[in-house]
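Novice: Would you mind keeping the following structure in view while I ask a few things?
Number of protein chains: 2
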Amino acid sequence: MAQRMAGEDRRRQILDAAVRVFARQGFHTCRVADIADEAGVAYGLVYHYFGSKEEILDRIFLERWNVMLEVIREIDAGDAPARAKLEGVAGFIVESYRHDPDVMKVIIVEVTRAANSFGRTHLEKIGEAYDLIAQIVAHAQEDGEFKDTVTPKFAAMAFYGAIEQVLTGWIFDLLPSGDVEFDRAKGLIVETVCGGLDATPASAGTV
Amino acid sequence: MAQRMAGEDRRRQILDAAVRVFARQGFHTCRVADIADEAGVAYGLVYHYFGSKEEILDRIFLERWNVMLEVIREIDAGDAPARAKLEGVAGFIVESYRHDPDVMKVIIVEVTRAANSFGRTHLEKIGEAYDLIAQIVAHAQEDGEFKDTVTPKFAAMAFYGAIEQVLTGWIFDLLPSGDVEFDRAKGLIVETVCGGLDATPASAGTV
DNA sequence: ATAGGGATTGACTCGCGAGTCAACTCAGTG
DNA sequence: CACTGAGTTGACTCGCGAGTCAATCCCTAT
Numbered sequence: 001m002a003q004r005m006a007g008e009d010r011r012r013q014i015l016d017a018a019v020r021v022f023a024r025q026g027f028h029t030c031r032v033a034d035i036a037d038e039a040g041v042a043y044g045l046v047y048h049y050f051g052s053k054e055e056i057l058d059r060i061f062l063e064r065w066n067v068m069l070e071v072i073r074e075i076d077a078g079d080a081p082a083r084a085k086l087e088g089v090a091g092f093i094v095e096s097y098r099h100d101p102d103v104m105k106v107i108i109v110e111v112t113r114a115a116n117s118f119g120r121t122h123l124e125k126i127g128e129a130y131d132l133i134a135q136i137v138a139h140a141q142e143d144g145e146f147k148d149t150v151t152p153k154f155a156a157m158a159f160y161g162a163i164e165q166v167l168t169g170w171i172f173d174l175l176p177s178g179d180v181e182f183d184r185a186k187g188l189i190v191e192t193v194c195g196g197l198d199a200t201p202a203s204a205g206t207v
Numbered sequence: 208m209a210q211r212m213a214g215e216d217r218r219r220q221i222l223d224a225a226v227r228v229f230a231r232q233g234f235h236t237c238r239v240a241d242i243a244d245e246a247g248v249a250y251g252l253v254y255h256y257f258g259s260k261e262e263i264l265d266r267i268f269l270e271r272w273n274v275m276l277e278v279i280r281e282i283d284a285g286d287a288p289a290r291a292k293l294e295g296v297a298g299f300i301v302e303s304y305r306h307d308p309d310v311m312k313v314i315i316v317e318v319t320r321a322a323n324s325f326g327r328t329h330l331e332k333i334g335e336a337y338d339l340i341a342q343i344v345a346h347a348q349e350d351g352e353f354k355d356t357v358t359p360k361f362a363a364m365a366f367y368g369a370i371e372q373v374l375t376g377w378i379f380d381l382l383p384s385g386d387v388e389f390d391r392a393k394g395l396i397v398e399t400v401c402g403g404l405d406a407t408p409a410s411a412g413t414v
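Those protein sequences? They're chains A and B, same order as listed. Heads up: the first sequence begins at 1 in this note's numbering, then just goes up one per residue. Heads up: the second sequence begins at 208 in this note's numbering, then just goes up one per residue.
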């Protein structure tokens, strides 16, 4: 069935199929046969390219997460105000979801929100992201842009938690999603965490 | 081995053992035999009291979650300012964790953060909590206490996401935990989401 | 005392699905 | 054209663990 193909292309083909299957059925629920079928490839070939079912999930996660870490590092290296930096981070994550919802769904649902199931694999990698965000907050606190009532780590968790929860809302249809919502969310997440919900004189209040 | 006992007591005994086992090994990783052993009870007895392994998890989740929903409803029914209401919600969740970390760990790690694995069971129950929080926000927006730049649902997700992420940080030792941290967290989560991170004239800035 | 029946036991069944492997295909090479 | 080895196939193995069930125990009622 499957035509001969260069190793890397076939690898990608299986990886992409796995993303679709994981997103649709979930990692635990799907069988390796489902991935092979989706890729239009024989069962055994999956094991020719990957050592195990779990390794496939690892690749999907690491491939994307490393990109994100790099982006956050670049953002933090710039000298924009912290709020703009956080907007950059939120924006990148939202755009990632817009661009490829399946990949983000798999990463969040099967890895990020499931750090236990796999005996805490990836916990360190995930923690790197928290640390980078905490870094941004710490710098802002030093500059007086953010108040220092909370520890940077704590703020980072709150910020990331808010983003992930919104993404989760989109994934499970608990929150309306679409291009309009994506664009608004980018700013609103930051506005909520930085500006707060309180009606302040500084922000244009309703009444 | 196990002495005769009234039905409900035995039920509790198995349920409590399951909480410890789920917290220690994770729902998927543990075997039903582990639960029976932990409870000091024969394998088959578990199935005398529960229809399936999953039903045990269901009970653990629902038992606690329903209490929380009730508490949130009561809080919202009062006429305290929204910030105090949210502090009540955050406080209850933090206290729940302090009081019985294992139960909260199981609920968060195996149910709340794993709403996919079980084919979206409980998603509705979980959503009820979001809705109740959104309710609080909506009221506050009507009263002008909160600005209405964000939808109540969105704010609820951000708020709940922040709490859950902090709990997750404690569970996985990504964030320092202890009585001092618990007490501080109650206020800080709300302060972060309501007051924001920004250094404002209203709050006592650092510099 | 003794029958009845719920509580308790744990060996056994049974299906599932990850991972293996021996056979086959075929593009490239000399 | 024979030969090689990477690419490909899918039937098979094998361990695991959820759920079953017939036997046994022991409390309670008569």
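Even for Gly, the Cβ is constructed at its ideal location relative to N, Cα and C.
Taking the CB atoms as reference points, tell me whether A/P81 and A/E142 lie closer together than 8 Å.
Specialist: No, they are not a contact pair.
Novice: Just the chain A side, please: which residues come within less than 9 Å of B/Y304 by C-beta, in chain order?
Specialist: Near B/Y304 there are no residues of chain A at all, since even the closest Cβ is about 14 Å away, more than 9 Å.
Novice: Closer than 7 Å by C-beta to A/F92: which residues in its own chain qualify, once you throw out the five before and the five after it? Chain order, please.
Specialist: Taken in chain order, the residues that qualify are M68 and V71.
Novice: Verify the CB distance criterion: does A/V109 have a CB-CB separation below 8 Å to chain B?
Specialist: By this cut-off, A/V109 is an interface position.
Novice: Only counting the same chain, and skipping five residues up and downstream in sequence, which positions put a Cβ closer than 7 Å to that of B/Y256?
Specialist: The residues are R217, R218 and I221.
Novice: Count the other CB atoms within 10 Å of the CB of A/N116; is the residue buried (16 or more) or exposed (fewer)?
Specialist: The residue in question, A/N116, is buried, as its Cβ has 16 or more Cβ neighbours within 10 Å.
Novice: With a cut-off of 8 Å, does the C-beta of B/L339 fall near any C-beta of chain A?
Specialist: Closer than 8 Å: no.
Novice: Please state the DSSP three-state secondary structure of A/A115.
Specialist: Three-state DSSP puts A/A115 in coil, outside helix and strand.
Novice: Determine, for B/E262, whether the minimum Cβ-Cβ distance to residues of chain A falls below 8 Å.
Specialist: Not one chain A Cβ lies under 8 Å of B/E262.
Novice: Quick check on the burial criterion: 16 or more other C-beta atoms within 10 angstroms. Buried or exposed for B/V387?
Specialist: By the 10 Å Cβ count, B/V387 comes out exposed.
Novice: Check the Cβ-Cβ distances between B/G385 and every residue of chain A, and say whether any is below 8 Å.
Specialist: No - not a single Cβ of chain A is within 8 Å of the one on B/G385.
Novice: Thinking C-beta only, is B/L264 closer than 8 Å to B/E317?
Specialist: Yes, the Cβ-Cβ distance between B/E317 and B/L264 is below 8 Å.
Novice: Using CA coordinates, which residue listed in B/G376, B/R238 and B/E215 is at the minimum distance from B/P308?
Specialist: Closest option to B/P308, Cα to Cα, is B/G376.
Novice: Would you mind working out which of A/E63, A/A90, A/K53 and A/D76 sits nearest A/A140, comparing C-alpha positions?
Specialist: A/A140 has its Cα closest to that of A/D76, out of A/E63, A/A90, A/K53 and A/D76.
Novice: Can the beta-carbon of A/Y160 be found closer than 8 Å to that of A/A114?
Specialist: Their beta carbons are not under 8 Å apart, which means A/Y160 does not touch A/A114 by this criterion.
Novice: Please confirm whether A/T121 has its beta-carbon closer than 8 Å to some beta-carbon of chain B.
Specialist: Answer no: the Cβ-Cβ gap between A/T121 and chain B never drops below 8 Å.
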